[in-house]
Every structure is written in C-alpha cells, then in structure tokens.
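Here the structure is laid out as structure tokens; the discussion comes afterwards.
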Amino acid sequence: MTDEEDAALMYSQDAISGRRRGRPEPTAEMVSGLACLICGTDYRNAPDADAVVVSHRDDRQLLACQGTCARLASGSVTGLEEAPLPLAERLRRHQADQL
783 MTDEEDAALM
793 YSQDAISGRR
803 RGRPEPTAEM
813 VSGLACLICG
823 TDYRNAPDAD
833 AVVVSHRDDR
843 QLLACQGTCA
853 RLASGSVTGL
863 EEAPLPLAER
873 LRRHQADQL
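Just so you know, my numbering puts 828 at position 46 of the sequence shown, and the rest follows in order with no gaps.
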C-alpha cells in the first residue's frame, strides 16, 4: 500500500467514525480545555500549541490540536468557528471544579 492510499484510509469517514466510537470518555483536563481531546497534549505544558474548539460539553469548550486531531474530533481541521478561552481562564475554571 502506498503512503497516499494509507493516508486516504486513515482519513476516510469510516476511519474517523471508528475512532470516535472507540475513544474513551474525556478526562477532567480535556473537559476543562487543558488537554487535547484526541492525543492528550497538555496545553499547560505546550501553550503555543494550536488548539481549536471542536465541541462543547457542560457549557465548556472541548479543544483539540489543529489539524489531524481536530479532524478526528469534529470533522474539520480547523474545528468550530470559535476562539478558545485564554489558558488562564480555563485553568481557573478547572481549579474551581476540583474544589
């Protein structure tokens, strides 16, 4: 199989849907927008990562890394047309939830 064929299978709708079904429940950090919903990148340690909003849960923004992770989470490499809250605000809300 060529790289192009392999990539086409990886990004097919069936592959994306299968990935969504097989994904475990998001962690508290993911629900607070502190970690990527797909790969788990911790945005507190990688603040310059290109995080995009891909969904909402309990009035919170769910974030994913722009590109492949966003496509797997939302079907779009750029996520939703919405800016993520600042990291400081996401941290404050997460800490309040932990109390």
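Don't be surprised by glycine CBs; every beta carbon is placed ideally from N, CA and C.
If you draw a straight line from the Cα of GLY861 to the Cα of VAL835, it comes to about 6 Å.
8 Å or more divides the Cβ of GLN843 from the Cβ of PRO868.
For VAL859, there is no enclosing beta strand (DSSP E), as DSSP marks it with neither H nor E. Here ARG853 is actually not in contact with SER814; their C-beta atoms are around 22 Å apart, not less than 8 Å. In the same chain as ALA855, and ignoring 5 residues on each side of it, the C-beta atoms closer than 6 Å to its own belong to LEU819, ILE820, VAL836, ALA846, in chain order.
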